[in-house]
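This report refers to the structure that appears directly beneath it.
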Amino acid sequence: MKKLMAVLLTLTLAFSLAACAGNTTKPAERKKITLCLDYTPNTNHTGIFVAQEKEYFADENLEVEIIQPEEGTATELCAAGKVQLAIDFQDYLAPSYIQGLGITAVAAIVNHNTAGILARKGELATPKGLEGDKYATYMAPIELAMTNYLCEKAGGDSSKIHYIQDYPTNAAEALSNHVFDSLCIYYAWDGINAEMTGDYDFVYYKDYDSVFDYYSPVIIANNDFLKNDTDTAKAALRAIKKGYEFAIENPDEAADILIRSDETGALNGREEFIKKSQRWLSEKYIEDGKQWGYIDPARWNGFYKWCFENKAIDTEIPENTGFSNDYLS
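If you want my numbering, it's the 1-based position in the sequence shown plus 277.
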């Protein structure tokens, strides 16, 4: 009897182990995607690097490679399908939509436009002060149109602005050395740097005309990727959103993550500046109480409408072209 019981027990155990083995499934292989930055790592990108270090991407079963463009722009790489996600700015994206490139802006990194014009202290109370300036610029048609418009609106003569096709690596230093008199900057980076090195005048584009409250920067995605792998796109944005939400609540720790993640080493030794920039920008990621990433159709459409009506672009961009909130959660 004891021998029979032992045999039955052995068989029962064997069947149980076999059943368990049969139900074992391998974890799904992580989906690999690539995100291309627009430039070297800076506080616009912090939430992305936080998502990487805090394993928010891994939590979504993603393996994300973060790169910088070596040949071509981030947008060109994204449109060509060489990367799935990239960073760009609404004003720079206009030619891409006119050309019909297959990209869509899927999230606003910063809620309101922080771009504006920087000049030496006492020389730019209003954009009228641009008269006679040596203005450093990449000569992008939209930027030139906005600058002329703001100068004229403030009562100035935009024909007196001397545009110079050049742009310094350190805006404040170039102004102090009188290499240039004024230039367009984003406040979170060059504006904070200027604050830390001296007194300067700065005017926000959006403060002089709300139509210039366009989105800068944004995350864009390849259209085929969005169509064929929608769930992965949504998962990536969930992780990135979490990264920016962490940066909002923990700006100093997020800044440390950004510095550690910068493989170029350009941020090393600049901890004070990076943290000051991060504290300032962390308050701008979600400024109106809406969810991170949301793009207001009225603001998006209004800016492109202005561009066409003021001949900054030669082809009208139809309403609701080039952006979507459908991939946010």
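The beta-carbon is built from N, C-alpha and C at its ideal position, and this holds for glycine as well.
Sequence-distant Cβ neighbours of glycine 393 in its own chain, meaning closer than 6 Å and more than five residues away, are Phe479, Val480, Tyr481 and Tyr482. Our two residues, valine 495 and alanine 510, have alpha carbons roughly 15 Å apart in a direct line. Judged by pairs of C-beta atoms under 8 Å, the segment 371-383 does not touch the segment 542-555, as fewer than three such pairs exist. With a contact defined as Cβ atoms closer than 8 Å, isoleucine 310 and leucine 339 qualify at about 6 Å. In this structure, leucine 514 sits away from glycine 566, with a CB-CB distance that is not shorter than 8 Å.
Methionine 416 and alanine 305 have their C-alpha atoms roughly 48 Å apart. In the three-state reduction of the DSSP assignment, glutamate 548 falls in the helix class, which pools H, G and I.
Residue environment for aspartate 490: buried (at least 16 other C-beta atoms within 10 angstroms of its C-beta). Per DSSP, the unbroken beta strand (DSSP E) holding glutamine 442 starts and ends at 439-442. Under DSSP, the beta-bridge partners assigned to phenylalanine 479 are Leu395.
According to the DSSP assignment, valine 327 belongs to the alpha helix (DSSP H) that extends over 323-330.
Burial check for glutamate 596: the Cβ neighbour count within 10 Å stays below 16, so the residue is exposed. With a cutoff of 8 Å on beta-carbon distance, proline 318 and leucine 544 are scored as near each other.
Under the DSSP assignment, threonine 352 falls in the alpha helix (DSSP H) whose first and last residues are 351-356.
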